[in-house]
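Engineer: In this note's numbering, the protein residues as written are 6 to 127.
Glycine included, C-beta positions come from ideal geometry on N, C-alpha and C.
A quick note: this is a predicted structure, and the numbers were derived from the prediction, not measured.
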């Protein structure tokens, strides 16, 4: 069986997620006429941090999550997909909050229902 190597490790993806959570924490609490609590994102960041520590996401060597699941391809794909989905969701939140790609959203989602912060968290 040939093992396909990933371009990014789970640890690298985890670091990217931490960076996105930090950026979101610095955003003003009043965005696009909506009030939102940065505490919600802080709580999610804390949950991710706890999950990462418990699984050894940032441990080096043989204790690392990447090393321990290297032969369990299905599990590796599942965790990687979960983390990529979280990463993309956090990028969407940042785009929404900072107004980036706002014109693209208007063009692409003319008929789509309006989304709130709660929708982006799910």
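Run through DSSP, which three-state label would residue 106 get?
Structural biologist: The residue labelled residue 106 in the question sits at position 101 within the chain shown. Legend: pLDDT at residue 106 = 45, less than 50; position of this residue unreliable, value from coordinates given subsequently. Note: residue 106 maps to coil in three-state DSSP.
Engineer: Using 9 Å as the threshold, is the C-beta distance between residue 25 and residue 99 below it?
Structural biologist: Translated into positions along the chain shown, residue 25 becomes position 20. Translated into positions along the chain shown, residue 99 becomes position 94. Going by C-beta atoms, residue 25 is nearer than 9 Å to residue 99.
Engineer: What first and last residue would you give for the alpha helix (DSSP H) that runs through residue 58?
Structural biologist: The residue you call residue 58 lines up with position 53 of the chain shown. Note, residue 58: alpha helix (DSSP H), 43-60.
Engineer: Tell me the DSSP secondary structure of residue 29 in three-state form.
Structural biologist: Here residue 29 refers to the residue found at position 24 when the chain shown is read from its first residue. It is helical.
Engineer: Starting from residue 73 and walking both ways along the alpha helix (DSSP H), at which residues does that stretch end?
Structural biologist: On the chain shown, position 68 is the one that residue 73 refers to. Taken as a continuous stretch (DSSP letters only), the alpha helix (DSSP H) holding residue 73 covers 70-73.
Engineer: Can you grab the Cα-Cα spacing for the pair residue 20 / residue 62, in whole Å?
Structural biologist: Residue numbering aside, residue 20 sits at position 15 when the chain shown is read from its first letter. Residue numbering aside, residue 62 sits at position 57 when the chain shown is read from its first letter. For residue 20 and residue 62, the distance between alpha carbons rounds to 9 Å.
Engineer: Can you find the residues in the same chain that come closer than 8 Å, C-beta to C-beta, to residue 92, ignoring five residues on each side of it along the sequence?
Structural biologist: Here residue 92 refers to the residue found at position 87 when the chain shown is read from its first residue. These residues qualify, in order along the chain: 18, 21, 22, 25.
Engineer: Between the beta-carbon of residue 53 and the beta-carbon of residue 30, is there less than 9 Å?
Structural biologist: One-based indexing of the chain shown puts residue 53 at position 48. One-based indexing of the chain shown puts residue 30 at position 25. No.
Engineer: With distances taken from CA atoms, which of 28, 84, 104, 44 is nearest residue 16?
Structural biologist: For the purposes of this step, residue 16 is taken as the residue at position 11 of the chain shown. When only C-alpha atoms are compared, the closest one is 84.
Engineer: Between which residues of its own chain and residue 73 is the CB-CB distance below 8 Å, once the five residues before and five after are set aside?
Structural biologist: By one-based count along the chain shown, residue 73 stands at place 68. Taken in chain order, the residues that qualify are 61, 67.
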